[in-house]
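Inspection log for the structure reproduced underneath, given as structure tokens.
Number of protein chains: 2
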Amino acid sequence: MIDLRFSTALQMVLSVALADQDGFRCTSRTLAEGLATNPSFIRKLLIPLTREGMLVASIGKGGGLHLGRAPEQITLRDLYLAVMEDKKLLVGREDIPAQCRISANINEFFAEVATDAETAMLNALGRRNIADSLAEVLRLDASRMKRVRKTANAAE
Amino acid sequence: MIDLRFSTALQMVLSVALADQDGFRCTSRTLAEGLATNPSFIRKLLIPLTREGMLVASIGKGGGLHLGRAPEQITLRDLYLAVMEDKKLLVGREDIPAQCRISANINEFFAEVATDAETAMLNALGRRNIADSLAEVLRLDASRMKRVRKTANAAE
DNA sequence: CTAAAATGCAATCATCTCGGATACATTATC
DNA sequence: GATAATGTATCCGAGATGATTGCATTTTAG
Chain A
5 MIDLRFSTAL
15 QMVLSVALAD
25 QDGFRCTSRT
35 LAEGLATNPS
45 FIRKLLIPLT
55 REGMLVASIG
65 KGGGLHLGRA
75 PEQITLRDLY
85 LAVMEDKKLL
95 VGREDIPAQC
105 RISANINEFF
115 AEVATDAETA
125 MLNALGRRNI
135 ADSLAEVLRL
145 DASRMKRVRK
155 TANAAE
Chain B
5 MIDLRFSTAL
15 QMVLSVALAD
25 QDGFRCTSRT
35 LAEGLATNPS
45 FIRKLLIPLT
55 REGMLVASIG
65 KGGGLHLGRA
75 PEQITLRDLY
85 LAVMEDKKLL
95 VGREDIPAQC
105 RISANINEFF
115 AEVATDAETA
125 MLNALGRRNI
135 ADSLAEVLRL
145 DASRMKRVRK
155 TANAAE
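If you're matching them up, the sequences are chains A and B in order. Take the first sequence: its position 147, counting from 1, is numbered 151 in my numbering, and each next residue is one higher. Take the second sequence: its position 92, counting from 1, is numbered 96 in my numbering, and each next residue is one higher.
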């Protein structure tokens with residue numbers, strides 16, 4: 005099964021950021037509806053996100069979700085690491101018998117390669133934060149609306 | 005289940021490179037033994053590797069595997085792309101209903117992020133090739149042997 | 001004060017991916 | 001011609017992960 009945790013968490017945090025900014029309320033139910041998934045999965049992802057202080061959840065009627073830090077202080081790297089727990093990007097076999105010069109050292113070498121690759125990916129994610137990302141999404145939306153209007157006009 | 009294709013293919017190609025260099029023979033059976041797996045899986049991975057010309061397989065008695073290109077001309081990036089087919093590093097949901105400014109644009113935005121991250125990782129893998137890697141593994145082996153000898157001497 | 005509405009949490013189920021295992025055809029060589 | 005290799009297809013099982021359900025707990029709105 006495909007791992008949707010990161011993409012889901014990203015949309016969650018972006019939605020909460022927009023809600024905080026525009027003054028509407030975000031709950032696990034509204035997020036689940038916007039993501040075509042169920043509140044249970046949302047709340048599962050909420051655990052690491054609140055633990056790391058990126059989101060704050062208030063229980064009870066009228067409760068919901070808010071950002072726990074300024075959106076500039078939440079990078080996609082933080083988000084990825086929180087939500088993916090300790091899942092490795094690249095993994096090797098654990099139980100390779102040391103039979104030759106390759107197999108006796110492949111684990112150590114592969115660990116180097118995997119660390120390299122993972123670090124590079126995390127650095128790429130670290131260059132974006134929620135404030136940037138929200139701005140980018142809203143920019144995409146503006147140009148999309150422009151296209152929509154243009155098409156509507158052309159149809160008249 | 006954990007995806008072992010890349011790490012397995014890497015050890016396969018390194019072993020073939022060493023075999024070519026040292027003059028011993030490599031078959032899917034010997035590779036499978038060295039990896040504690042089965043020849044069928046090795047041969048499954050062989051398909052993309054021979055298709056891309058990284059390895060050449062000769063059928064029949066006395067046959068086996070050889071490098072199809074100079075080891076300097078095979079990067080770990082090539083290896084990863086060949087063996088992982090079109091598997092994406094990060095994937096989002098396909099079927100998000102466009103209900104708000106976030107959900108209407110999240111797919112486009114997430115595609116940017118995913119491409120960024122994947123490119124960064126592939127670039128990291130592209131900085132290594134099989135010649136480098138084999139040299140590194142043999143270097144690791146030499147220092148390991150040194151440690152082993154030192155321990156043996158200390159035990160006398 | 002009470003009912004509603006939110007999170008927190010646990011258990012179970014369904015589904016999909018991927019490696020393992022097996023079998024056999026084909027091909028090349030000794 | 002026997003042997004030994006790849007090429008290929010099929011089926012199975014384990015494991016990961018999202019979906020679903022249910023309920024306890026907490027808070028607040030009315």
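Glycine residues also receive a C-beta, built at the ideal position from the N, C-alpha and C atoms. Computed from a predicted model, the values in this text were never measured in an experiment.
- Residues are counted here when their Cβ sits less than 9 Å from a Cβ of chain B; for the segment 121 to 132 of chain A these are 121, 122, 123, 124, 125, 126, 127, 128, 129, 131, 132, given in chain order.
- Around the beta carbon of residue 109 (chain B), 16 or more other beta carbons lie within 10 angstroms, which makes this residue buried.
- In the displayed model, residue 95 (chain B) falls within coil according to three-state DSSP, outside both helix and strand.
- Of all alpha-carbon atoms in A:126, A:17, A:81, A:12, the one lying nearest the alpha-carbon of residue 70 (chain A) is that of A:17.
- Counting along the chain, the unbroken alpha helix (DSSP H) around residue 156 (chain A) starts and ends at 134 to 159.
- Distance from the CA of residue 106 (chain B) to the CA of residue 85 (chain A), rounded to the nearest whole angstrom, comes to 22 Å.
- Residue 80 (chain A) and residue 137 (chain A) do touch by the CB rule: their CB atoms are close to 7 Å apart, below 8 Å.
- DSSP places residue 107 (chain B) in the coil class of the three-state scheme, outside both helix and strand.
- For the segment 98 to 117 of chain A, the set of residues with a beta-carbon nearer than 7 Å to any beta-carbon of chain B comprises 99, 100, 101, 103, 104, 105, 106, 107, 108, 109, 110, 112, 113, 114, 117, in chain order.
- Taking CB atoms only, residue 11 (chain B) has a neighbour in chain A less than 7 Å away.
- Boundaries around residue 38 (chain A) are those of the alpha helix (DSSP H), 32 to 39, since no beta strand (DSSP E) includes it.
- Residue environment: residue 143 (chain A) is assigned as exposed (fewer than 16 neighbouring CB atoms within 10 Å of its CB, all protein chains considered).
- Counting the other Cβ atoms within 10 Å of the Cβ of residue 15 (chain B) gives 16 or more, which makes it buried.
- The residue among B:123, B:147, B:68 with its C-alpha nearest the C-alpha of residue 29 (chain B) is B:68.
- Residue 76 (chain B) has a beta carbon lying at 7 Å or more from every beta carbon in chain A.
- At a cut-off of 7 Å between beta carbons, residue 96 (chain B) contacts chain A.
- Distance from residue 113 (chain B) to residue 140 (chain A) at the Cβ level is roughly 6 Å; contact confirmed, criterion being Cβ atoms closer than 8 Å.
- At a cut-off of 7 Å between C-beta atoms, residue 152 (chain A) does not count as an interface residue with respect to chain B.
- By the Cβ neighbour-count rule, residue 33 (chain B) is exposed, with fewer than 16 other Cβ atoms within 10 Å of its own.
- Here DSSP, grouped into helix, strand and coil, assigns residue 61 (chain A) to strand.
- Contact note: residue 141 (chain B) reaches chain A through 105, 106, 109, 110, 113, using a C-beta cutoff of 8 Å and chain order.
- With a threshold of 7 Å between beta carbons, residue 18 (chain A) makes contact with chain B.
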